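Residue numbers (the numbering used here): 1218 to 1593. Just so it is clear, CB atoms sit at the ideal spot from N, CA and C, and this is done for glycine as well. Predicted model only: the values in this text are computed from it and were never measured. Working notes, structure below.
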């Protein structure tokens, strides 16, 4: 065990209980969505981990530790499946939770049962003995398997998000409101946290004979409770976003440069030069297809085949060229760089900076400085 610290315990409880409160608000948020159920559960599972530490130490202080196994709240095996199904819900409008999906939560049920057994009680208490009993190693294996479960589900969820973002670029020129970018940081943080925690405790147990425990134990759970509260607040204030059903667009001519459609390229360039649809920040594949009197899927294939770009990069390349042309005009100082970017169809500073640097290997301010030096 560790020395009780009322200040750190209070911080953990405040942020942990706030996280649970936000989770409840998300659960009952309207419109009711399946995604919100999994998100609320995910927040709950994260929040009870640090609260669980406070509870066990309070029981220790009142000499009631022997009853802890009946109230153990840690649920490592629920985190991964909830993250996975939440990601599925927000990236696939047709996803439905079916009876077969309950198999993902069988380890969670087994974990709950395990915490009520004598094996757990002896194993967890044995961690603090000079010579650990065999049940302690069973407990450590169970913990590491829980971490591995979280890492596997986190990897799969991150992969789904990245694939979804890639597909969005085939259909949209503005993806910030659809890509769920905010979720990537929590996935990486929590996956990294559990790796950090188990490696750190392992080193402490086997190398330093648990002498460092007082320095990292409670501060680590304070950090976890604060980040969990941040995640729950961030999730709660997120606007309800459209869940777009996207199908991968197969490009049969991707590697065949001999199939370039010059007629299509001429039509596309003429449209971009005369009507400049890229200046519309809301431009998407369907809207551009209407301009060219084509079906969206056919247009996407044509763009990939003839331009070696997806729709997102194509439209933003025209916006970047329009921006550069504005900088070369005599009246470019009437607006800021961001003002010019907005006039060219961008509506996000971060997206503009990222795209500009991708195409020019310079930031907008660096490009303007070089342009001025060249003209002098």
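Let's see if you can read the secondary structure: which residues bound the alpha helix (DSSP H) around residue i?
i: residue 1561; result: Neither: residue 1561 is in no alpha helix (DSSP H) and is coded neither H nor E.
i: residue 1272; result: 1251 to 1278
i: residue 1422; result: 1401 to 1423
i: residue 1342; result: 1335 to 1342
i: residue 1490; result: 1479 to 1491
i: residue 1436; result: 1430 to 1454
i: residue 1235; result: 1223 to 1244
i: residue 1327; result: 1323 to 1331
i: residue 1305; result: 1293 to 1308
What's the gap between the Cα of residue i and the Cα of residue j?
i: residue 1266; j: residue 1415; result: 14 angstroms
i: residue 1410; j: residue 1583; result: 37 angstroms
i: residue 1523; j: residue 1590; result: 36 angstroms
i: residue 1546; j: residue 1388; result: 32 angstroms
i: residue 1376; j: residue 1308; result: 11 angstroms
i: residue 1536; j: residue 1390; result: 10 angstroms
i: residue 1287; j: residue 1444; result: 28 angstroms
i: residue 1303; j: residue 1311; result: 13 angstroms
i: residue 1236; j: residue 1402; result: 17 angstroms
i: residue 1279; j: residue 1367; result: 33 angstroms
i: residue 1251; j: residue 1330; result: 27 angstroms
i: residue 1270; j: residue 1282; result: 12 angstroms
i: residue 1323; j: residue 1422; result: 30 angstroms
i: residue 1243; j: residue 1448; result: 12 angstroms
i: residue 1426; j: residue 1254; result: 42 angstroms
i: residue 1479; j: residue 1516; result: 14 angstroms
i: residue 1433; j: residue 1418; result: 9 angstroms
i: residue 1314; j: residue 1258; result: 15 angstroms
i: residue 1404; j: residue 1371; result: 6 angstroms
i: residue 1407; j: residue 1566; result: 28 angstroms
i: residue 1229; j: residue 1239; result: 15 angstroms
i: residue 1284; j: residue 1277; result: 10 angstroms
i: residue 1241; j: residue 1505; result: 42 angstroms
i: residue 1221; j: residue 1450; result: 28 angstroms
i: residue 1325; j: residue 1297; result: 10 angstroms
Taking DSSP's pairing of strands, which residues face residue i in a bridge?
i: residue 1389; result: 1501
With a 10 Å radius around its C-beta and 16 neighbouring C-beta atoms as the bar for buried, classify residue i as buried or exposed.
i: residue 1171; result: A question about residue 1171 goes unanswered here, because the residues of the chain that appear run from 1218 up to 1593.
i: residue 1469; result: At residue 1469 the pLDDT is 47, less than 50, meaning the model places this residue with poor confidence and gives no usable figure here.
i: residue 1472; result: Because the pLDDT at residue 1472 is just 48, under 50, the model does not fix this residue reliably, and the value given afterwards should be weighed accordingly. That one is exposed.
i: residue 1333; result: exposed
i: residue 1273; result: buried
i: residue 1575; result: exposed
i: residue 1351; result: exposed
i: residue 1431; result: exposed
i: residue 1340; result: buried
i: residue 1581; result: buried
i: residue 1335; result: exposed
i: residue 1532; result: buried
i: residue 1305; result: buried
i: residue 1454; result: exposed
i: residue 1338; result: buried
i: residue 1293; result: buried
i: residue 1556; result: exposed
i: residue 1587; result: exposed
Flag residue i as yes if its beta-carbon sits less than 9 angstroms from any beta-carbon of chain C, otherwise no.
i: residue 1285; result: Included in the structure is just one protein chain, with no chain C present.
Note to self: I'd like the ranges of any alpha helix (DSSP H) spanning at least 4 consecutive residues and lying wholly in the stretch 1493 to 1573.
What the structure shows: 1502 to 1508, 1513 to 1524, 1528 to 1544 and 1554 to 1560
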